[in-house]
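Undergrad:
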Amino acid sequence: MIKSMTGFGKSVNQLPSKKITIEIKSLNSKSLDLNARIPSFYREKELELRNIVAKKLERGKIDFSIYVELNGEETSTSINTDVVQQYMKQLRVVTPDADDIELLKMAVRLPDALKTERDEIDEEEYQTILTGLESALNAIENYRLDEGKVLKEDFELRISNISTYLEEVKTIDPERMLGVRERLTKAVSDLKADVDENRFEQELTYYLEKYDITEEKVRLNNHLEYFQKSLKSEDSNGKKLAFISQEMGREINTIGSKSNYAPMQQVVVRMKDELEKIKEQLLNVL
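The sequence shown begins at 1 in full-length UniProt numbering and counts up one residue at a time.
#1: Between which two residues does the beta strand (DSSP E) holding Ser26 run?
#2: Out of Leu275, Leu32, Leu57 and Ile66, state which residue places its alpha-carbon closest to the alpha-carbon of Ile244.
#3: Mind checking which residues open and close the beta strand (DSSP E) that includes Phe8?
#4: Using only CA atoms, which one of Val53, Leu70 and Met248 lies nearest to Ala139?
#5: For Lys217, name the three-state secondary structure that DSSP assigns.
#6: For a cutoff of 8 Å on Cβ pairs, would you count Asn35 as touching chain B?
#7: Using only alpha-carbon positions, find the residue among Ser236, Lys239 and Met248 that is nearest to Glu225.
#8: Going residue by residue through the stretch 43-126, where are the continuous alpha helix (DSSP H) segments of at least 4 residues, counting only ones entirely within it?
#9: Rounded to whole angstroms, what is the Cα-Cα separation between Arg158 and Val180?
#10: Candidates Asn260, Tyr143 and Lys61: which alpha carbon is nearest Ser31's?
#11: Give me, in chain order, the residues of the same chain whose beta-carbon lies closer than 8 Å to that of Lys18; leave out the 5 immediate sequence neighbours on both sides.
#12: Enumerate in chain order the residues of its own chain whose CB-to-CB distance from Leu103 is below 7 Å, with the five nearest sequence positions on each side excluded.
#13: CB-CB under 7 Å to Lys45, same chain, minus the five flanking residues each way: which ones, in chain order?
#14: Can you tell me whether Ser236 is buried or exposed, with buried defined as 16 or more other CB within 10 angstroms of its CB?
#15: Going straight from the alpha carbon of residue 300 to that of Lys55, what length do you get?
#16: When you compare only the Cα positions, how much space is there between Leu133 and Ile252?
#17: What's the call for Ile79, buried or exposed, on a 16-neighbour Cβ count within 10 Å?
#18: What does the alpha-carbon distance come out to for the pair Ile255 and Arg37?
#19: Just tell me which of Asp63, Leu286 and Ile20 has its CA closest to the CA of Lys152.
#20: Consult DSSP for Ser4 and reduce its assignment to one of helix, strand or coil.
#21: Under 8 Å between the Cβ atoms of Ser4 and Glu156?
#22: List in chain order: all unbroken alpha helix (DSSP H) runs of 4+ residues lying wholly within the stretch 136-163.
#23: Helix, strand or coil for Leu283? Go by DSSP, reduced to three states.
Put into structure tokens, the structure is as follows:
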């Protein structure tokens, strides 16, 4: 089971005097990058809320927001009358021709013209926020799981393609090695010189061993099986899958560098193309 790091979750909670909306968005990232936008009157609970989100989502670039809409019957913001009057008095000196309406418009835009009453967070209201947060987190988790299923299907397709290409490599390999032997034998024959057959066979064996890809084929096959096994594990581990894909790339590159045979190199190119698609998608896996 794998999860995507991409997701979205939302919950809307209606209280008698306000509506609280919680939104969580997540994108891929190498580590946890959590950005929280929380109203100032909930700031004392911010650390606790951030920890809940971080523990649940683990990794990704996460935007966590809480929006509060008052129903109009209640407001925590009021005009700071004394400050506004002082602003208007000073502005009248600077702009003596302005009327009171214009002065008032300018005054209310200046610092401290409005004041916010800060009350203690009601415990029942905070429990509503925690319930809403849990709902939003469950929604984003389901989103991540659904995206993970799509990614898993794509990975299985790519791994299957690479396995098919590996079988082609195994089929081509004897023909390749025979071609290498024939070319070397012909090159020596063209020299028209007496050659010690035993020494020639020793040198030929040494040369052929340098181009032997048996170990690479076995290791690549093992990596492909391990990748498929890891896809089915209970935990989603994108970093582990990325490491396996790197090892797969190492073996494919070695096969390509040793092949020295055009038909095999063409198959290797196709393997590399499939592997690159896997690596791109792995960036989204948790």
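Note that the Cβ used here is the ideal one computed from N, Cα and C, for glycine as well.
Bear in mind the structure is a predicted one, so any value in this text is a computation, not a measurement.
TA: The answer reads as follows:
#1: Here residue 26 refers to the residue found at position 26 when the sequence shown is read from its first residue. Residues Lys18 to Leu27.
#2: Within the sequence shown, the letter at position 244 stands for residue 244. It is Leu275 whose Cα lies nearest to the Cα of Ile244.
#3: Translated into positions along the sequence shown, residue 8 becomes position 8. Annotation for Phe8: the continuous beta strand (DSSP E) segment containing it runs Gly7 to Gln14.
#4: In the sequence shown, counting from the first residue as 1, residue 139 sits at position 139. Ranking the options by Cα distance to Ala139, first place goes to Val53.
#5: The residue labelled residue 217 in the question sits at position 217 within the sequence shown. Under the three-state reduction of DSSP, Lys217 is assigned to helix.
#6: Going by chain labels, chain B is absent from the structure shown, which holds only one protein chain.
#7: The residue you call residue 225 lines up with position 225 of the sequence shown. When each option's Cα is compared against that of Glu225, the closest is Met248.
#8: 46-57, 81-94 and 100-107, all fully within the stretch 43-126.
#9: To locate residue 158, count along the sequence shown from 1; it is residue 158. To locate residue 180, count along the sequence shown from 1; it is residue 180. Going from the Cα of Arg158 to the Cα of Val180 covers about 31 Å.
#10: The count along the sequence shown starts at 1 and reaches residue 31 at position 31. Nearest C-alpha to Ser31: Lys61.
#11: Translated into the one-based positions of the sequence shown, residue 18 becomes position 18. So the qualifying residues of the chain are Val68, Glu69, Leu70, Asn71 and Glu74.
#12: The residue labelled residue 103 in the question sits at position 103 within the sequence shown. The residues are Met88, Leu91 and Arg92.
#13: Sequence index remark: in the sequence shown, residue 45 carries index 45 (1-based). Once the five neighbours on either side are set aside, the close Cβ partners of Lys45 are Ile121 and Tyr126.
#14: As a first step, residue 236 is located in the sequence shown; it is residue number 236 there, counting from the start. Counting Cβ neighbours within 10 Å, Ser236 comes out buried, since at least 16 surround it.
#15: Past the boundaries of the shown model lies residue 300; the chain is included only from 1 to 286, so the question cannot be answered.
#16: For the purposes of this step, residue 133 is taken as the residue at position 133 of the sequence shown. For the purposes of this step, residue 252 is taken as the residue at position 252 of the sequence shown. Cα to Cα, Leu133 sits roughly 46 Å from Ile252.
#17: Within the sequence shown, the letter at position 79 stands for residue 79. With fewer than 16 other Cβ atoms within 10 Å, it is exposed.
#18: Locating residue 255 in the sequence shown gives position 255, counting from the first residue. Locating residue 37 in the sequence shown gives position 37, counting from the first residue. In a straight line, the C-alpha of Ile255 is about 51 Å away from that of Arg37.
#19: Residue mapping note: residue 152 aligns to position 152 of the sequence shown, counting from 1. It is Leu286.
#20: Counting from 1 along the sequence shown, the entry for residue 4 is found at position 4. Ser4: strand per DSSP, three-state reduction.
#21: If you number the sequence shown from 1, residue 4 lands on position 4. If you number the sequence shown from 1, residue 156 lands on position 156. Going by C-beta atoms, Ser4 is not nearer than 8 Å to Glu156.
#22: Restricting attention to alpha helix (DSSP H) runs no shorter than 4 residues, the stretch 136-163 encloses none.
#23: Working through the sequence shown from its first residue, we reach residue 283 at position 283. It is coil, neither helix nor strand.
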